[in-house]
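A short worksheet on the structure shown next.
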Amino acid sequence: MESSSRMMLMVASLQVCVVHSANSQKQIFATESSDFRKVVKSCFFVDKSMLIRDLFEENQAFQEITAGPHFAKSTNLDMIKRFFSITVNREGVPVRANITSNYKLFQDNKLLIYENDKTFFNSHFGNYPVLYIDYKPLDGVSSFDHMLRKYRHILSNTFSQHKYLLEVATIWDNEFNRTMFESYLEYSPLYDLHKEHVRDGFIFLSSLLFRHFNKSVFVLIDDYDIVSISPVNAHDRSDVIEFVRSVNNALVQHSRYVGRAVVTGSLWRGRTMCPSGVSVTPNSIGKYYGLSSSELKPLLLKFLNDKTEVEDAAHYIVATYSGYVHDEEWYLDQSAPSTRGSQVCSVWSVIQYCVCHRKLNIT
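Encoded structure:
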(Lines of atoms letter the chains of each structure in order from A and count residues from 1; the text may use other names and numbers.)
(Lines give C-alpha, C1' and ligand atoms only; values in the text may rest on other atoms or scores of the structure.)
Protein backbone atom coordinates (compact mmCIF):
# COMPACT_ATOMS: atom_id res chain seq x y z
CA MET A 1 0.00 0.00 0.00
CA GLU A 2 1.34 3.38 -0.99
CA SER A 3 -0.49 5.91 1.15
CA SER A 4 -1.08 5.93 4.84
CA SER A 5 -2.44 7.95 7.71
CA ARG A 6 -1.96 7.89 11.44
CA MET A 7 -3.65 9.76 14.23
CA MET A 8 -1.74 10.16 17.46
CA LEU A 9 -3.68 10.84 20.63
CA MET A 10 -2.57 11.13 24.23
CA VAL A 11 -5.73 9.49 25.22
CA ALA A 12 -10.93 2.95 23.20
CA SER A 13 -13.16 0.29 24.23
CA LEU A 14 -16.09 1.73 26.06
CA GLN A 15 -16.61 -0.21 29.25
CA VAL A 16 -19.60 0.79 31.31
CA CYS A 17 -22.02 -0.74 33.76
CA VAL A 18 -25.55 -0.47 35.14
CA VAL A 19 -25.92 2.35 37.65
CA HIS A 20 -28.85 3.19 39.91
CA SER A 21 -29.15 6.54 41.60
CA ALA A 22 -29.43 6.30 45.37
CA ASN A 23 -31.83 9.26 45.39
CA SER A 24 -33.88 8.46 42.31
CA GLN A 25 -35.74 5.62 40.66
CA LYS A 26 -34.06 6.43 37.38
CA GLN A 27 -31.82 3.72 35.98
CA ILE A 28 -28.74 4.69 34.04
CA PHE A 29 -28.18 1.83 31.65
CA ALA A 30 -24.82 0.97 30.17
CA THR A 31 -22.78 -2.07 29.19
CA GLU A 32 -19.35 -3.59 29.74
CA SER A 33 -19.24 -4.70 26.12
CA SER A 34 -17.55 -2.92 23.21
CA ASP A 35 -20.28 -4.42 20.99
CA PHE A 36 -21.74 -1.40 19.22
CA ARG A 37 -25.25 -2.91 19.28
CA LYS A 38 -25.19 -2.79 23.09
CA VAL A 39 -23.31 0.47 23.52
CA VAL A 40 -25.78 2.39 21.34
CA LYS A 41 -28.56 1.52 23.81
CA SER A 42 -26.68 2.99 26.75
CA CYS A 43 -27.64 6.29 28.35
CA PHE A 44 -23.94 7.13 28.17
CA PHE A 45 -23.83 6.71 24.39
CA VAL A 46 -22.50 9.66 22.40
CA ASP A 47 -23.07 9.46 18.65
CA LYS A 48 -19.71 9.41 16.85
CA SER A 49 -20.99 7.71 13.70
CA MET A 50 -19.82 10.49 11.36
CA LEU A 51 -16.37 9.01 11.96
CA ILE A 52 -17.30 6.45 9.30
CA ARG A 53 -17.64 9.04 6.55
CA ASP A 54 -14.67 11.15 7.62
CA LEU A 55 -12.43 8.12 7.89
CA PHE A 56 -13.51 6.81 4.50
CA GLU A 57 -13.21 10.15 2.72
CA GLU A 58 -9.61 10.59 3.84
CA ASN A 59 -9.03 8.04 1.09
CA GLN A 60 -5.97 6.53 2.76
CA ALA A 61 -5.02 2.92 2.09
CA PHE A 62 -3.68 2.45 5.63
CA GLN A 63 -4.94 4.26 8.72
CA GLU A 64 -3.60 3.73 12.21
CA ILE A 65 -5.58 5.01 15.20
CA THR A 66 -3.63 5.14 18.44
CA ALA A 67 -5.37 5.92 21.71
CA GLY A 68 -5.42 5.01 25.37
CA PRO A 69 -7.89 2.70 27.12
CA HIS A 70 -11.62 3.47 27.37
CA PHE A 71 -11.68 5.91 24.45
CA ALA A 72 -13.91 3.83 22.16
CA LYS A 73 -11.32 2.29 19.82
CA SER A 74 -12.92 -1.14 19.93
CA THR A 75 -16.47 0.21 19.93
CA ASN A 76 -15.82 2.49 16.97
CA LEU A 77 -14.11 -0.30 15.05
CA ASP A 78 -17.12 -2.54 15.64
CA MET A 79 -19.36 0.27 14.39
CA ILE A 80 -17.22 0.60 11.25
CA LYS A 81 -17.40 -3.15 10.68
CA ARG A 82 -21.19 -3.18 10.98
CA PHE A 83 -21.50 -0.29 8.56
CA PHE A 84 -19.30 -1.56 5.74
CA SER A 85 -19.73 -5.36 5.98
CA ILE A 86 -21.67 -7.22 3.33
CA THR A 87 -24.28 -9.37 5.06
CA VAL A 88 -24.73 -12.83 3.55
CA ASN A 89 -26.96 -15.84 4.11
CA ARG A 90 -25.69 -19.29 5.02
CA GLU A 91 -24.79 -19.99 1.40
CA GLY A 92 -22.73 -16.81 1.15
CA VAL A 93 -25.27 -14.98 -1.01
CA PRO A 94 -25.42 -11.23 -0.21
CA VAL A 95 -28.61 -10.09 1.50
CA ARG A 96 -30.28 -6.83 0.49
CA ALA A 97 -28.66 -4.22 2.74
CA ASN A 98 -31.81 -2.41 3.86
CA ILE A 99 -33.35 -5.52 5.44
CA THR A 100 -30.33 -6.43 7.56
CA SER A 101 -30.06 -6.05 11.33
CA ASN A 102 -27.07 -3.75 10.85
CA TYR A 103 -29.14 -1.40 8.67
CA LYS A 104 -31.88 -1.31 11.29
CA LEU A 105 -29.26 -0.58 13.95
CA PHE A 106 -28.31 2.67 12.22
CA GLN A 107 -31.85 3.49 11.10
CA ASP A 108 -33.78 2.77 14.30
CA ASN A 109 -31.29 4.64 16.49
CA LYS A 110 -31.32 7.61 14.11
CA LEU A 111 -27.55 7.73 14.02
CA LEU A 112 -26.02 10.84 12.49
CA ILE A 113 -24.43 9.00 9.58
CA TYR A 114 -27.90 7.75 8.60
CA GLU A 115 -29.76 11.01 9.23
CA ASN A 116 -27.25 13.54 7.89
CA ASP A 117 -25.74 11.98 4.78
CA LYS A 118 -28.10 9.58 3.01
CA THR A 119 -26.04 9.73 -0.18
CA PHE A 120 -22.91 8.40 1.52
CA PHE A 121 -24.94 5.95 3.60
CA ASN A 122 -26.75 4.43 0.64
CA SER A 123 -23.58 4.29 -1.46
CA HIS A 124 -21.36 2.53 1.06
CA PHE A 125 -23.48 0.76 3.66
CA GLY A 126 -23.11 -3.03 3.51
CA ASN A 127 -21.05 -2.82 0.35
CA TYR A 128 -17.63 -4.27 1.23
CA PRO A 129 -16.09 -7.59 2.24
CA VAL A 130 -14.64 -6.92 5.71
CA LEU A 131 -11.86 -8.90 7.36
CA TYR A 132 -12.06 -8.14 11.09
CA ILE A 133 -9.19 -9.30 13.32
CA ASP A 134 -9.09 -8.93 17.10
CA TYR A 135 -5.62 -9.23 18.64
CA LYS A 136 -6.82 -9.14 22.26
CA PRO A 137 -5.99 -12.86 22.76
CA LEU A 138 -2.31 -11.87 22.45
CA ASP A 139 -2.56 -9.94 25.70
CA GLY A 140 -0.31 -11.54 28.30
CA VAL A 141 1.70 -13.84 26.02
CA SER A 142 4.99 -14.86 27.62
CA SER A 143 6.93 -16.66 24.88
CA PHE A 144 7.04 -17.25 21.14
CA ASP A 145 5.25 -20.60 21.42
CA HIS A 146 2.61 -19.05 23.66
CA MET A 147 2.12 -16.26 21.13
CA LEU A 148 1.84 -18.79 18.29
CA ARG A 149 -0.90 -20.71 20.11
CA LYS A 150 -2.81 -17.50 20.74
CA TYR A 151 -2.36 -16.44 17.13
CA ARG A 152 -3.87 -19.70 16.01
CA HIS A 153 -6.84 -18.94 18.23
CA ILE A 154 -7.17 -15.53 16.57
CA LEU A 155 -7.12 -17.20 13.16
CA SER A 156 -9.88 -19.57 14.22
CA ASN A 157 -12.02 -16.68 15.48
CA THR A 158 -11.45 -14.72 12.26
CA PHE A 159 -12.14 -17.59 9.88
CA SER A 160 -15.30 -18.47 11.82
CA GLN A 161 -16.80 -15.14 10.76
CA HIS A 162 -16.65 -16.39 7.16
CA LYS A 163 -17.63 -20.03 7.56
CA TYR A 164 -20.21 -19.49 4.80
CA LEU A 165 -17.36 -19.58 2.26
CA LEU A 166 -17.37 -23.37 2.53
CA GLU A 167 -20.76 -23.29 0.79
CA VAL A 168 -19.47 -21.24 -2.16
CA ALA A 169 -18.35 -23.85 -4.69
CA THR A 170 -16.94 -21.36 -7.20
CA ILE A 171 -14.01 -20.24 -5.02
CA TRP A 172 -12.50 -23.68 -4.44
CA ASP A 173 -10.02 -24.69 -7.11
CA ASN A 174 -8.96 -27.83 -5.30
CA GLU A 175 -9.63 -29.89 -2.22
CA PHE A 176 -6.36 -28.80 -0.64
CA ASN A 177 -7.55 -25.19 -0.24
CA ARG A 178 -10.84 -26.32 1.28
CA THR A 179 -8.98 -28.55 3.73
CA MET A 180 -6.66 -25.68 4.59
CA PHE A 181 -9.64 -23.41 5.27
CA GLU A 182 -11.13 -26.03 7.57
CA SER A 183 -7.83 -26.38 9.43
CA TYR A 184 -7.79 -22.62 10.07
CA LEU A 185 -11.44 -22.72 11.05
CA GLU A 186 -11.21 -25.43 13.67
CA TYR A 187 -9.26 -24.43 16.78
CA SER A 188 -7.78 -27.80 17.80
CA PRO A 189 -6.11 -28.73 14.47
CA LEU A 190 -4.50 -25.30 14.39
CA TYR A 191 -1.85 -26.59 16.78
CA ASP A 192 -0.51 -28.64 13.84
CA LEU A 193 -0.09 -25.63 11.56
CA HIS A 194 3.42 -24.50 10.74
CA LYS A 195 4.54 -20.99 11.62
CA GLU A 196 4.47 -20.07 7.93
CA HIS A 197 0.84 -21.15 7.66
CA VAL A 198 -0.05 -18.97 10.62
CA ARG A 199 1.74 -16.04 9.00
CA ASP A 200 -0.10 -16.53 5.69
CA GLY A 201 -3.54 -17.29 7.12
CA PHE A 202 -5.06 -13.84 6.80
CA ILE A 203 -3.76 -13.44 3.25
CA PHE A 204 -5.39 -16.75 2.35
CA LEU A 205 -8.72 -15.60 3.79
CA SER A 206 -8.50 -12.21 2.07
CA SER A 207 -7.91 -13.98 -1.26
CA LEU A 208 -11.08 -16.03 -0.79
CA LEU A 209 -13.12 -12.95 0.13
CA PHE A 210 -11.74 -11.09 -2.88
CA ARG A 211 -12.60 -13.95 -5.19
CA HIS A 212 -16.11 -14.45 -3.82
CA PHE A 213 -17.21 -10.81 -3.76
CA ASN A 214 -14.99 -9.58 -6.61
CA LYS A 215 -14.07 -6.56 -4.48
CA SER A 216 -11.00 -5.48 -2.56
CA VAL A 217 -11.16 -6.38 1.11
CA PHE A 218 -11.54 -3.83 3.93
CA VAL A 219 -9.26 -4.95 6.79
CA LEU A 220 -9.94 -3.91 10.40
CA ILE A 221 -7.48 -4.90 13.14
CA ASP A 222 -8.20 -4.17 16.80
CA ASP A 223 -5.38 -3.93 19.38
CA TYR A 224 -2.82 -4.83 16.73
CA ASP A 225 0.11 -3.80 18.97
CA ILE A 226 -1.05 -5.41 22.22
CA VAL A 227 1.78 -7.96 22.21
CA SER A 228 4.30 -5.12 22.60
CA ILE A 229 3.13 -4.52 26.16
CA SER A 230 2.83 -8.21 27.07
CA PRO A 231 5.31 -9.82 29.50
CA VAL A 232 7.26 -11.74 26.85
CA ASN A 233 10.52 -13.24 28.10
CA ALA A 234 13.68 -11.44 27.00
CA HIS A 235 14.91 -14.33 24.85
CA ASP A 236 11.77 -14.37 22.67
CA ARG A 237 10.72 -10.74 22.72
CA SER A 238 12.34 -9.59 19.48
CA ASP A 239 11.14 -12.71 17.64
CA VAL A 240 7.58 -12.22 18.89
CA ILE A 241 7.45 -8.57 17.86
CA GLU A 242 9.00 -9.29 14.47
CA PHE A 243 6.55 -12.13 13.81
CA VAL A 244 3.51 -9.95 14.56
CA ARG A 245 4.95 -7.17 12.43
CA SER A 246 5.53 -9.59 9.56
CA VAL A 247 1.92 -10.80 9.72
CA ASN A 248 0.60 -7.23 9.65
CA ASN A 249 3.03 -6.27 6.93
CA ALA A 250 2.14 -9.19 4.67
CA LEU A 251 -1.58 -8.58 4.98
CA VAL A 252 -1.96 -4.81 4.67
CA GLN A 253 1.05 -3.85 2.61
CA HIS A 254 1.78 -6.67 0.22
CA SER A 255 -1.57 -8.33 -0.33
CA ARG A 256 -3.15 -7.45 -3.66
CA TYR A 257 -6.52 -8.42 -2.23
CA VAL A 258 -6.68 -5.64 0.38
CA GLY A 259 -7.95 -2.22 -0.61
CA ARG A 260 -7.99 -0.44 2.74
CA ALA A 261 -6.92 -1.14 6.30
CA VAL A 262 -7.74 0.53 9.61
CA VAL A 263 -5.87 -0.63 12.70
CA THR A 264 -6.16 0.47 16.32
CA GLY A 265 -3.42 0.38 18.94
CA SER A 266 -2.06 2.00 22.07
CA LEU A 267 1.63 2.61 21.41
CA TRP A 268 3.42 5.75 20.27
CA ARG A 269 5.55 6.05 17.20
CA GLY A 270 8.87 4.23 17.60
CA ARG A 271 7.30 1.27 19.43
CA THR A 272 4.59 0.63 16.89
CA MET A 273 3.72 -2.71 15.33
CA CYS A 274 2.83 -0.78 12.20
CA PRO A 275 4.03 -2.47 9.00
CA SER A 276 7.55 -1.44 8.04
CA GLY A 277 7.79 1.20 5.35
CA VAL A 278 4.44 2.80 6.11
CA SER A 279 4.87 6.55 6.37
CA VAL A 280 3.13 8.37 9.20
CA THR A 281 1.09 11.52 8.71
CA PRO A 282 -1.46 13.20 11.00
CA ASN A 283 -5.17 13.26 10.29
CA SER A 284 -8.22 14.98 11.74
CA ILE A 285 -10.40 12.28 13.28
CA GLY A 286 -9.34 12.79 16.89
CA LYS A 287 -12.70 14.32 17.79
CA TYR A 288 -14.29 10.89 17.49
CA TYR A 289 -12.23 9.47 20.35
CA GLY A 290 -13.00 10.68 23.85
CA LEU A 291 -15.37 13.41 24.99
CA SER A 292 -14.68 17.11 24.79
CA SER A 293 -15.92 19.47 27.50
CA SER A 294 -18.69 20.64 25.13
CA GLU A 295 -19.95 17.05 24.82
CA LEU A 296 -20.02 16.46 28.56
CA LYS A 297 -22.98 18.64 29.49
CA PRO A 298 -25.53 17.07 27.09
CA LEU A 299 -24.41 13.69 28.37
CA LEU A 300 -24.73 14.70 32.02
CA LEU A 301 -28.18 16.18 31.37
CA LYS A 302 -29.42 12.67 30.66
CA PHE A 303 -29.33 11.83 34.36
CA LEU A 304 -28.74 15.08 36.27
CA ASN A 305 -31.82 17.30 36.36
CA ASP A 306 -30.40 20.46 37.91
CA LYS A 307 -28.37 22.70 35.57
CA THR A 308 -26.15 23.81 38.42
CA GLU A 309 -25.39 20.18 39.16
CA VAL A 310 -24.51 19.66 35.51
CA GLU A 311 -22.16 22.64 35.49
CA ASP A 312 -20.45 21.48 38.68
CA ALA A 313 -20.19 17.91 37.44
CA ALA A 314 -18.72 18.96 34.09
CA HIS A 315 -16.17 21.17 35.80
CA TYR A 316 -15.17 18.40 38.21
CA ILE A 317 -14.83 15.76 35.48
CA VAL A 318 -12.73 18.00 33.24
CA ALA A 319 -10.50 19.00 36.14
CA THR A 320 -10.13 15.46 37.47
CA TYR A 321 -10.19 13.15 34.48
CA SER A 322 -9.26 15.16 31.38
CA GLY A 323 -5.56 14.41 31.42
CA TYR A 324 -5.46 13.68 27.71
CA VAL A 325 -5.35 15.84 24.63
CA HIS A 326 -6.17 15.50 20.97
CA ASP A 327 -2.93 16.49 19.32
CA GLU A 328 -1.81 15.76 15.76
CA GLU A 329 1.75 16.99 16.27
CA TRP A 330 2.65 15.93 19.79
CA TYR A 331 4.21 12.65 18.73
CA LEU A 332 6.88 14.49 16.73
CA ASP A 333 8.47 15.53 20.02
CA GLN A 334 7.51 13.33 22.95
CA SER A 335 10.14 14.85 25.23
CA ALA A 336 7.96 17.81 26.16
CA PRO A 337 4.31 17.92 27.27
CA SER A 338 1.99 19.24 24.60
CA THR A 339 0.01 22.40 25.07
CA ARG A 340 -1.78 21.99 21.76
CA GLY A 341 -5.16 20.42 21.15
CA SER A 342 -8.29 20.15 23.26
CA GLN A 343 -8.61 18.21 26.49
CA VAL A 344 -10.73 15.09 26.43
CA CYS A 345 -11.96 12.43 28.82
CA SER A 346 -13.59 9.05 28.33
CA VAL A 347 -17.18 8.01 28.95
CA TRP A 348 -15.72 5.73 31.59
CA SER A 349 -14.60 8.87 33.44
CA VAL A 350 -18.21 10.06 33.58
CA ILE A 351 -19.22 6.75 35.11
CA GLN A 352 -16.38 6.94 37.61
CA TYR A 353 -17.68 10.35 38.60
CA CYS A 354 -21.18 8.94 39.10
CA VAL A 355 -19.89 6.09 41.23
CA CYS A 356 -17.08 7.70 43.22
CA HIS A 357 -18.12 11.32 43.58
CA ARG A 358 -21.92 11.22 43.53
CA LYS A 359 -22.02 7.90 45.41
CA LEU A 360 -24.34 6.14 42.98
CA ASN A 361 -24.65 2.38 43.34
CA ILE A 362 -23.51 -0.16 40.76
CA THR A 363 -25.46 -3.36 40.24
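The sequence shown maps to residues -24 to -1, 1 to 339 in mature numbering (1 follows the signal peptide of the UniProt record, and there is no 0). For each residue, glycine too, the CB sits at the ideal point set by N, CA and C. Computed from a predicted model, the values in this text were never measured in an experiment.
- In the three-state DSSP reduction, Leu275 falls in the helix class (H, G or I).
- Within the stretch 177 to 248, the runs of beta strand (DSSP E) that reach at least 3 residues and sit entirely inside it are, in chain order, 193 to 198 and 234 to 241.
- Counting every other CB atom within 10 Å of its CB across the protein chains shown gives Cys321 a total of 16 or more, marking it as buried.
- The alpha-carbon separation between Lys273 and Asn85 amounts to approximately 21 Å.
- Contact check for Val193 against Pro105 passes: the beta carbons are separated by less than 8 Å.
- Each of Ser136, His211 and Val220 was checked against the Cα of Val174, and the nearest Cα belongs to Val220.
- Taking all protein chains shown into account, Glu40 has 16 or more neighbouring C-beta atoms within 10 Å of its C-beta and is therefore buried.
- Take Lys126, set aside five residues on each side of it, and the residues of its chain with a beta-carbon closer than 8 Å to its own are Pro113, Leu114 and Val117, in chain order.
- With contacts defined as CB atoms closer than 8 Å, Leu276 and Ala290 qualify as a contacting pair.
- Shown here, Tyr108 sits in a strand according to DSSP, grouped into three states.
- Sequence-distant partners of Trp148 (beyond 5 residues in either direction) whose C-beta falls short of 7 Å from its own C-beta, in its chain, are Arg154.
- In the same chain as Lys57, and ignoring 5 residues on each side of it, the C-beta atoms closer than 7 Å to its own belong to Val106, Tyr108 and Leu196, in chain order.
- Taking 8 Å as the cut-off, the Cβ atoms of Ile75 and Asn103 do not count as close.
- Thr42 counts as buried, since no fewer than 16 other beta carbons sit within 10 angstroms of its beta carbon.
- Distance from the CA of Asn133 to the CA of Ala48, rounded to the nearest whole angstrom, comes to 22 Å.
- Of all alpha-carbon atoms in Thr51, Arg13 and Ser9, the one lying nearest the alpha-carbon of Val239 is that of Thr51.
- For Ile89, the enclosing alpha helix (DSSP H) starts and ends at Leu88 to Asn92.
- By the Cβ neighbour-count rule, Ala145 is exposed, with fewer than 16 other Cβ atoms within 10 Å of its own.
- Taking every protein chain shown into account, the CB of Ala295 has fewer than 16 other CB atoms within 10 angstroms, so this residue is exposed.
- In the displayed model, Ile293 falls within a helix according to three-state DSSP.
- For Thr51, there is no enclosing beta strand (DSSP E); the enclosing alpha helix (DSSP H) has its first and last residue at Lys49 to Phe60.
- For the pair Leu27 and Thr95, the Cα-to-Cα distance works out to about 16 Å.
- Using a Cβ distance threshold of 8 Å, Ala237 and Phe38 count as a contacting pair.
- According to the DSSP assignment, Ile75 belongs to no beta strand (DSSP E), since it is labelled neither H nor E.
- Shown here, Phe38 sits in a strand according to DSSP, grouped into three states.
- With distances taken between CA atoms, Tyr79 lies nearest to Met55 out of Met55, Gly68, Gly177 and Val69.
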